[in-house]
Amino acid sequence: MTRQDIPLLEMRKMSVSFPTQSGERIEVLSEVSLNIWPSEVLGVVGESGSGKSMLTFASLGLLPKTGRASGEVRLRGEALHAQHKRRMSQVRGREIGLIVQEPTPSLNPVRRIGSQLAESARHARIPADQIKSASIRALDEVNLPAEVLGRYPGELSGGMNQRVAIAMVLLQNPGVLIADEPTTALDVTTQYEVMQLLEGLRVQHEMGMMLISHDLGVIKAMADRIAVMYRGHLVELGTTEDIVSRPRHPYTQTLVASAPRLHPIEAAPLQDSGCPLLPGDPQLSDDHDHPPTLERDRRHVVWCWDAHHGHAR
Amino acid sequence: MLIECTDISKQFSRRSPRVLDEVNIAVDHNEAVAIVGESGAGKSTLGRILLQLETATSGSYRFEGREVSSLRGSAYREWRPKVQAVMQNPRASLNPRQPIWVSITEPLEALRRMGAQQRKRAAGDLLERVGLPAGILQRYPGQLSGGQRQRVAIARGLSSDPKVLVLDEPLSALDVSARAQIIELLAQVHRDLQLSYVFITHDLTTVTELCSRLYVLQRGRLVEEMTTEQMLAGPEHEYTKKLLSSVLTLDSPSIRGVA
Numbered sequence: 008m009t010r011q012d013i014p015l016l017e018m019r020k021m022s023v024s025f026p027t028q029s030g031e032r033i034e035v036l037s038e039v040s041l042n043i044w045p046s047e048v049l050g051v052v053g054e055s056g057s058g059k060s061m062l063t064f065a066s067l068g069l070l071p072k073t074g075r076a077s078g079e080v081r082l083r084g085e086a087l088h089a090q091h092k093r094r095m096s097q098v099r100g101r102e103i104g105l106i107v108q109e110p111t112p113s114l115n116p117v118r119r120i121g122s123q124l125a126e127s128a129r130h131a132r133i134p135a136d137q138i139k140s141a142s143i144r145a146l147d148e149v150n151l152p153a154e155v156l157g158r159y160p161g162e163l164s165g166g167m168n169q170r171v172a173i174a175m176v177l178l179q180n181p182g183v184l185i186a187d188e189p190t191t192a193l194d195v196t197t198q199y200e201v202m203q204l205l206e207g208l209r210v211q212h213e214m215g216m217m218l219i220s221h222d223l224g225v226i227k228a229m230a231d232r233i234a235v236m237y238r239g240h241l242v243e244l245g246t247t248e249d250i251v252s253r254p255r256h257p258y259t260q261t262l263v264a265s266a267p268r269l270h271p272i273e274a275a276p277l278q279d280s281g282c283p284l285l286p287g288d289p290q291l292s293d294d295h296d297h298p299p300t301l302e303r304d305r306r307h308v309v310w311c312w313d314a315h316h317g318h319a320r
Numbered sequence: 166m167l168i169e170c171t172d173i174s175k176q177f178s179r180r181s182p183r184v185l186d187e188v189n190i191a192v193d194h195n196e197a198v199a200i201v202g203e204s205g206a207g208k209s210t211l212g213r214i215l216l217q218l219e220t221a222t223s224g225s226y227r228f229e230g231r232e233v234s235s236l237r238g239s240a241y242r243e244w245r246p247k248v249q250a251v252m253q254n255p256r257a258s259l260n261p262r263q264p265i266w267v268s269i270t271e272p273l274e275a276l277r278r279m280g281a282q283q284r285k286r287a288a289g290d291l292l293e294r295v296g297l298p299a300g301i302l303q304r305y306p307g308q309l310s311g312g313q314r315q316r317v318a319i320a321r322g323l324s325s326d327p328k329v330l331v332l333d334e335p336l337s338a339l340d341v342s343a344r345a346q347i348i349e350l351l352a353q354v355h356r357d358l359q360l361s362y363v364f365i366t367h368d369l370t371t372v373t374e375l376c377s378r379l380y381v382l383q384r385g386r387l388v389e390e391m392t393t394e395q396m397l398a399g400p401e402h403e404y405t406k407k408l409l410s411s412v413l414t415l416d417s418p419s420i421r422g423v424a
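Residue numbers (the numbering used here), protein chains in the order written: chain A, 8 to 320; chain B, 166 to 424.
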C-alpha cells in the first residue's frame with residue numbers, strides 16, 4: 008500500500024520568519040529540506056532556537072498569525088498548502104499524528120479522558136457505536152486500564168498523560184508520527200518506558216516517524232538518520248552511526264562532544280574554521296545565503312561555508 | 166563531618182504521607198555528593214532542609230557538629246552564609262529588575278554595608294571567577310543567555326564564601342553546550358575553592374561528571390548509598406539498576422527491536 012520510492016512526508020525549502028518590533032522580519036528557519044521515508048525514524052536534533060519545532064509547525068500549518076512560511080510540503084506526493092484549512096485539518100491527526108512535550112497542558116483539563124479520546128475517534132470517522140471499544144483498545148495499546156476513561160488529566164501523572172496523548176494518535180492511525188520532545192518533561196525511567204512504547208507502536212502500526220529532541224542520546228536510541236539543526240539551518244544530515252561517530256560539521260562535533268555520558272570523555276576544543284555557522288560566533292553576516300553543500304556521499308551531507316577547509320578530523 | 170543528617174523525616178501536614186522518611190546522609194569537607202531521585206523522591210525537600218528553607222519534622226541536622234535548628238541570633242547569622250543555593254532556573258532566582266551586581270552581592274551582609282563602588286568591585290571579582298566579563302555588571306538577567314545567568318547564580322552562591330553549595334538541578338534548564346561549560350566551571354570551582362557540593366539531580370550523567378558519591382532516594386526513602394565507581398560497576402538495589410539502565414546516552418544500546 009505504501010510506496011517505498013516516494014517519501015511519506017517531504018519538506019522542501021521550508022523557511023519561517025517572524026516580524027521584530029522594528030518591523031523587520033527575522034528568519035528562524037532557512038530553507039530546510041527533509042524527507043521522512045516509509046518505516047524510517049528520522050531524528051532531528053538541535054538546541055533552543057535551532058528552529059527544530061518551527062519545521063513541524065510550518066509543515067502542519069500551525070504557525071502563529073505573525074509567522075510567515077514558505078516552502079513545499081508533500082504527503083505521499085500530494086502537495087499540502089497551509090491555506091487549505093479543510094484539507095490541513097484532515098491531515099493533522101488523521102494522517103500526521105503529533106505528540107508534544109507537555110502532555111498535560113495539551114489535554115483539556117476539564118474534560119474526562121474518555122470524551123477527549125472520543126473526539127479523536129470521531130475525527131478518525133470511527134462509527135459512534137464503536138467509539139468506546141476503540142478507545143479502550145487504544146488505551147490498552149499504551150498499557151493503560153479502561154478506568155482511565157473516567158479520569159481527568161489532572162488526576163494522572165505526566166507519563167500517563169503522555170500515554171493518553173499517544174492513544175489519541177493511535178485512534179486515528181496516521182502513517183506519519185511527529186514526536187516533538189515527547190519525553191523531555193518525563194522522569195528518566197518513564198522516558199525509557201515511553202520510548203519503548205513508541206518504538207513498539209511504530210513497528211506495529213507501520214508509521215514513519217520524525218523524532219525531534221534537544222537530547223542526542225534520546226535521538227540516537229531510536230533514529231535511523233539524524234538531521235542536525237543550528238540557528239534555523241540544517242547543518243548536517245546522515246545515518247545515526249555516521250553522525251555520532253564521524254560528525255563533520257563543527258557544530259555537530261560540539262554537540263557530540265558535549266553530550267552527557269556516564270563515562271565522560273575528554274572533549275577536544277573547538278577549532279576556529281571561519282565558518283559563520285560556528286557556535287559562539289557573535290552573529291551571522293546579514294547578507295548570508297544558504298551555505299554551500301559538502302556532500303561526502305549520498306547518505307551523509309554537510310552544509311557549511313567552510314566545507315573546503317574540511318571539518319573532518 | 167561537615168554535614169550530618171540523621172533520621173530526617175518531613176511531613177507537610179500531619180495526615181499527609183512522609184515526603185522524607187528517616188533519611189541519613191553525611192557530607193565531608195570538600196566532598197561532592199549527589200542526591201539522586203525522580204520527581205516525588207523528596208530530593209528537593211532535603212535540599213531545602215539543608216538550606217533551612219524548610220525545617221525537618223523530626224531528625225537531626227548537624228553542621229560542623231552543631232544542631233542547626235538550635236542555632237539562634239549571632240550563631241545562626243554566622244551559620245547562614247556557610248550554606249548557599251544554586252537553583253535550576255536562574256531566571257526565577259535572580260531579580261529581573263535588579264542589575265547583576267546587586268544580585269551577586271546581596272547574600273552577604275558585610276557586602277551590603279559597603280558602598281556601591283566596593284560592592285561592584287567585589288561583584289567584578291566574583292564574575293571573573295565564573296568566567297564572565299566585568300562589563301556585564303550593569304546588565305539585567307533578561308539580557309543574558311541561560312548559561313550566563315547560571316554563571317551569575319553561581320557567583321551569587323559563592324559571594325558569602327560558603328562551605329557548601331546546594332545545587333538543585335542547576336543544569337537541567339540548559340542547552341547541552343552550555344551544560345558542558347557549566348559542568349567544567351563547577352568542577353573548577355570545586356577544585357579551587359575546596360568547598361562541598363550537595364548536588365540534587367535526576368540525572369546520573371551529572372553525578373559521574375561531578376560527584377564522588379551518591380545517595381539514591383525513592384519516594385522519600387534512601388534506597389542506596391555508594392561511590393560513583395560502585396554505581397558504574399553495578400548498583401545493588403533494583404531501583405538504582407532501573408535508573409541506570411534507563412539513562413539514554415550516546416553509549417547506550419539502541420531501543421530499536423527490543424520493544
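All residues carry an ideal CB built from backbone N, CA and C; glycine is no exception.
Taken atom to atom, the span from the alpha-carbon of Gly182 of chain A to that of Ala288 of chain B is near 57 angstroms. In the displayed model, Asp326 of chain B falls within coil according to three-state DSSP, outside both helix and strand. Check the Cα spacing between Ala206 of chain B and each of B:Ser174, B:Gln303, B:Ser178: the tightest is with B:Ser174.
In the structure shown, Thr73 of chain A adopts coil according to DSSP, grouped into three states.
Annotated three-state conformation of Pro26 of chain A is strand, per DSSP.
Proximity of the segment 95-114 of chain A to the segment 139-146 of chain A falls short of the contact definition, fewer than three beta-carbon pairs being nearer than 8 angstroms.
The beta carbons of Leu178 of chain A and Met214 of chain A sit about 13 angstroms from each other, so the pair does not count as a contact at 8 angstroms. Boundaries of the alpha helix (DSSP H) around Asn168 of chain A: 165-179. Its Cα nearest to that of Tyr199 of chain A, the residue A:Ile226 stands out among A:Leu62, A:Met175, A:Ile226.
DSSP, read as helix, strand or coil, puts His130 of chain A in helix.
Contact between Val329 of chain B and Gly202 of chain B fails: their C-beta atoms lie close to 19 angstroms from each other, not under 8 angstroms. CA-to-CA, the gap between Ile219 of chain A and Pro335 of chain B works out to about 24 angstroms.
By the Cβ test, the segment 254-265 of chain B is in contact with the segment 288-308 of chain B, since at least three Cβ pairs between them sit closer than 8 angstroms. Cβ-Cβ distances below 7 angstroms link Ala125 of chain A to Ile138, Ser142 in the same chain, with the five nearest sequence neighbours on each side left out; the list follows chain order. Chain A places no beta carbon closer than 9 angstroms to that of Ile365 of chain B, leaving this residue out of the contacts. A direct Cα-Cα distance of roughly 40 angstroms separates Val80 of chain A from Ile272 of chain A. For Tyr258 of chain A, the enclosing alpha helix (DSSP H) has its first and last residue at 257-264. Distance check between Arg386 of chain B and each of B:Asn195, B:Ile168, B:Gln176 places B:Gln176 closest, using alpha-carbon atoms only. In the DSSP assignment, Ala145 of chain A forms no beta bridge with any residue. In the three-state reduction of the DSSP assignment, Ser268 of chain B falls in the helix class, which pools H, G and I. Listed in chain order, the non-local C-beta contacts of Thr190 of chain A below 7 angstroms within the same chain comprise Gln198, Val201, Met202, Val225, local neighbours out to five positions each way being set aside.
Scanning its chain for C-beta atoms nearer than 7 angstroms, with the 5 sequence neighbours on each side dropped, one finds around Trp244 of chain B the residues Phe228, Val233, Leu236, in chain order.
With its beta carbon at least 9 angstroms from every one in chain B, Val176 of chain A lies outside the interface.
The criterion of a C-beta distance shorter than 9 angstroms is not satisfied by Leu375 of chain B and Ala338 of chain B. Proximity of the segment 295-303 of chain B to the segment 177-191 of chain B falls short of the contact definition, fewer than three beta-carbon pairs being nearer than 8 angstroms. With fewer than 16 other Cβ atoms from the protein chains shown falling within 10 Å of its own Cβ, Glu403 of chain B counts as exposed. Contact between the segment 258-269 of chain B and the segment 311-322 of chain B is present: 3 or more CB-CB pairs across the two stretches fall below 8 angstroms. Sixteen is the threshold: when 16 or more other Cβ atoms of the shown chains lie within 10 Å of the Cβ of Gly58 of chain A, as they do, the residue is buried.
Distances from the alpha-carbon of Thr373 of chain B to those of B:Gly422, B:Leu397, B:Glu401 put B:Leu397 closest. About 4 angstroms separates the beta carbons of Pro110 of chain A and Gln169 of chain A, which is inside the 8 angstroms limit, making them a contact pair.
With a threshold of 9 angstroms between beta carbons, His240 of chain A makes no contact with chain B. Gln283 of chain B sits exposed, since fewer than 16 C-beta atoms from the chains shown fall within 10 Å of its C-beta. Interface annotation, Val251 of chain B: not in contact with chain A, CB-CB separation never under 9 angstroms. Straight across, the Cα-Cα distance linking Lys20 of chain A with Ala65 of chain A is about 11 angstroms.
The three-state reading of DSSP puts Thr366 of chain B in strand, counting E and B together.
The three-state secondary structure of Phe228 of chain B, taken from DSSP, is strand.
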